[in-house]
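Residue numbers (the UniProt record's numbering), protein chains in the order written: chain A, 1 to 461; chain B, 1 to 461.
And the structure:
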């Protein structure tokens, strides 16, 4: 329980306690709660009031708050068997996504996930911007369906000189962008070419909406154009999903010439390129501009999320597309999600337009570079491995000893107090070997990163 | 331009002005902007700074701010023809959804849409709650993937006595809930039974994700169980979407006995019932409890949105489901959207837990009842029509003279200064006659409602 000025946070803690108590049990006194949680009397009153409103506690003036009777259990245990028939054999595998967004237990070191540690997040600037945004007279009205004009302008300017606000649709984050774009581009049943390995979230999503991910291998320069051409030919696919800059998980950066070849191959196939530019703000060394800036025919649909370079709850991204597909993407976004909450859009617009924004980006890049070097040094020392050194980003792709089961390694590592990502879920089909993906963005410090790698080394054969 | 303490709002207004100016043109002086927009010097400086950061203006110390050069046009006009081939013949029809969420021009009266007028929104309480939520130490971290425990508890308690927080998944609003639920329940290509008429947003969504909406007529008690049984038999459908309480658009409330029959029919068909409970908070006269409370076998998937009873940008809803389908819904939500931003969840939790919440609900109900009566009185007087008087809600379903083209009426009404919804888009297939849906929630006042109906009367034959 963090020390906090709001009753909602105290209420949240008390809900957990209440579950462990029997109905009628008395809650600690207001005084005890004030001391234990270091909060004011007002905060305690607000928290208890909220729990009473929810029916979790009953208050008796003069004697205190008591755990309420629980809802009576249903007479018969429910029989859900019919659901298995109705639902059929489709499943939705959210395990890899859940791992990305779930917190780690106390004491466990996090070398997984794609979010910045709290100490690297611009929380204060966000709080100020959001406080201001939420108080405006029209704060809670609908924003323009495609997003605030200022935010669309910012995304266009931040991405490339020829892009305009009309090319941008604001969405509720990178994953929602991906869902919208894939649904807009491809009918159910279509193949979707993806890098192998690739971001597991795109695999889970594609399968859920009825697309068939088809792997195309990457090398140290990213997606292989020769095999991409072959895959288009074999499958008749109309789209390829890729991360040309700091590819997840290998960290490869596609050189300019390779980018041109990928665009040419897509052109020859009459296909779209979905460019997931998740790592643009994490570039430590110069890299080519985004694919979309070299695109003159609306071939590239570009996804630029602001979540990774800020904080997990900044659920805002921009999708950039030109030509008829832009209208389809905008319509698809509107039909499935309407629009991201206006105060969030306003707060993000203020954040990226403020003088502190470039300082934030510079600070994050500096911190991540130091963390990357700490992680790679520890990997060399503890694991005797020398993975590729990415030109920035958030993670390294570490080969494990031949014959290792990478999922078993990740499980053993978790028992030893460090969360790493097994490489297996990153492959759309067979893996080309055992890997672990080690992230340096989510840990608390360089010392913690080094300790995490030590713990991982301890479970390797 | 509203008077506002923040520079972002001024910047938004200036962006529109800048588009109309040529590059190099000088912006009004700071003093002129302060006077015209009634803002402080700090606000002007912040706004200009933001526009400069976006590259829209260039500032020259001592002489002012000037419109920047526009991006040079591309050498060749782009040829997007290939996209038509790649995209094929699918389209996404967002027109009805766009109408729901788009603002109306100045001077036009709004008798359309499902949101409350700004004067009925709890904007101040939301601003306070959001300001507090955004400042908490963990505000911007990821919330639990299924939603804050307190918010799930609140949704469960607010819906029925036997429901638990584990039955609830928090989503980013009603439309997103619908997208998640339909995707989780049905594979692409499946039939989906819907009321006829029904909410156009479900039709657009179902078609986009590859489902086939199959109409089942409603009568004055809502969905007809006899025809529902027949539709299940003919199509083999595994789900029906319905609004048993204050059906949109007819306003019908399904009586208890009818509810039991609908559940029995769904049981016999081995199918799910998706209960869209959008109007629960707008009930002016007693109605039966939600379908989900009579469900003992996980048959009903219940969608409870908080947007309509608060404000358009409160993008928070709860999906209630039990049995294996609950896990599938939770996974589907995670894979397509991750989670709604934590500050928004915290702010909403504080809002609904505060003592002012029940006062807000009561005030909204009182205001809407008066508005309903004003609208129905005006309709009787001006149109000579006597539509059913709904037991609450936001709208009336008004039959137009036989032979009228309801879309043409809506267009003529818009030209005459009132936005109403044509009935046609509410029908999955053929319409049973011409209608207009008139909403009393979004107009500014009862006087405006009466004037809107007068304007509509003026365009009728």
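For every residue, glycine included, the Cβ atom is placed at its ideal position computed from N, Cα and C.
Values in this document were obtained by computation on a predicted structure and should not be read as measured data.
- At a cut-off of 8 Å between beta-carbon atoms, residue 314 of chain B makes contact with chain A.
- Each residue's CA atom was taken as its position, placing residue 349 of chain B and residue 381 of chain B some 43 Å apart.
- Comparing C-alpha distances from residue 190 of chain B to each of B/294, B/182 and B/105 shows the shortest one belongs to B/182.
- Among the residues facing chain A, residue 76 of chain B is included, as its CB has a counterpart in that chain under 8 Å away.
- The beta strand (DSSP E) runs of length 3 or more contained entirely in the segment 116 to 188 of chain A are, from start to end of the chain, 168 to 171.
- For residue 328 of chain A, the chain B residues whose Cβ falls inside 8 Å of its Cβ are 87, 91 and 92, in order along the chain.
- With three or more CB-CB distances shorter than 8 Å, the segment 292 to 311 of chain A counts as touching the segment 119 to 136 of chain A.
- Contact annotation, residue 376 of chain B with residue 111 of chain B: C-beta distance approximately 12 Å; criterion of less than 8 Å not satisfied.
- Taking one beta carbon from each stretch, the segment 50 to 69 of chain B and the segment 267 to 275 of chain A have fewer than 3 pairs nearer than 8 Å; the two do not touch.
- The beta-carbon of residue 167 of chain A is placed no less than 8 Å from the nearest beta-carbon of chain B.
- Between the C-alpha atoms of residue 188 of chain A and residue 88 of chain A there is a straight-line separation of about 17 Å.
- Residue pairing from DSSP places residue 320 of chain B in a beta bridge opposite B/168 and B/302.
- The residue from A/403, A/185 and A/119 with its alpha-carbon nearest to that of residue 460 of chain A is A/403.
- At a C-beta separation below 7 Å, residue 121 of chain A has these neighbours in chain B: 140.
- Within chain B, no C-beta atom comes less than 8 Å from the C-beta of residue 427 of chain A; the nearest is roughly 18 Å away.
- For residue 357 of chain A, the uninterrupted alpha helix (DSSP H) segment begins and ends at 356 to 378.
- For residue 188 of chain A, the chain B residues whose C-beta falls within less than 9 Å of its own C-beta are 187, 188, 189, 209 and 210, listed in chain order.
- Against residue 175 of chain A, the close residues of chain B are 335, 336, 337 and 338, in the order they occur along the chain (beta-carbon pairs closer than 8 Å).
- Between residue 108 of chain A and chain B, the shortest Cβ-Cβ separation is not below 8 Å.
- DSSP places residue 258 of chain B in the uninterrupted alpha helix (DSSP H) bounded by 256 to 269.
- DSSP places residue 422 of chain B in the strand class (E or B) of the three-state scheme.
- Here the alpha carbon of residue 11 of chain B sits roughly 39 Å from the alpha carbon of residue 249 of chain B.
- For the pair of segments examined, the segment 113 to 123 of chain A was found not to touch the segment 104 to 121 of chain B: the number of CB pairs separated by less than 8 Å stays below three.
- In the structure shown, residue 446 of chain A adopts helical secondary structure according to DSSP, grouped into three states.
- The contact set of residue 272 of chain A on chain B, defined by CB atoms closer than 7 Å, consists of 86 in chain order.
- Put simply, the CB of residue 153 of chain B is near chain A, with a gap under 8 Å to one of its CB atoms.
- Residue 100 of chain A and residue 155 of chain A have their alpha carbons spaced roughly 25 Å apart.
- By the Cβ test, the segment 236 to 248 of chain B is in contact with the segment 391 to 407 of chain B, since at least three Cβ pairs between them sit closer than 8 Å.
- The beta carbon of residue 446 of chain B is closer than 8 Å to those of 370, 371 and 374 in its chain, skipping five residues each way along the sequence.
- Listed in chain order, the positions of the segment 274 to 297 of chain A with a beta carbon within less than 7 Å of a beta carbon of chain B are 296 and 297.
- Cα atoms of residue 30 of chain B and residue 355 of chain A: separation of roughly 19 Å, rounded to the nearest angstrom.
- The three-state secondary structure of residue 430 of chain B, taken from DSSP, is coil.
- One alpha carbon belongs to residue 131 of chain A, the other to residue 341 of chain A, and they sit about 14 Å apart.
- Annotation for residue 406 of chain A: the continuous alpha helix (DSSP H) segment containing it runs 406 to 415.
- Within the segment 216 to 242 of chain B, 238 and 239 place their CB atoms closer than 9 Å to a CB of chain A, listed in sequence order.
- Taking 4 residues as the minimum length, the alpha helix (DSSP H) runs contained wholly in the segment 2 to 56 of chain B are 7 to 20, 30 to 37 and 41 to 53, in order along the chain.
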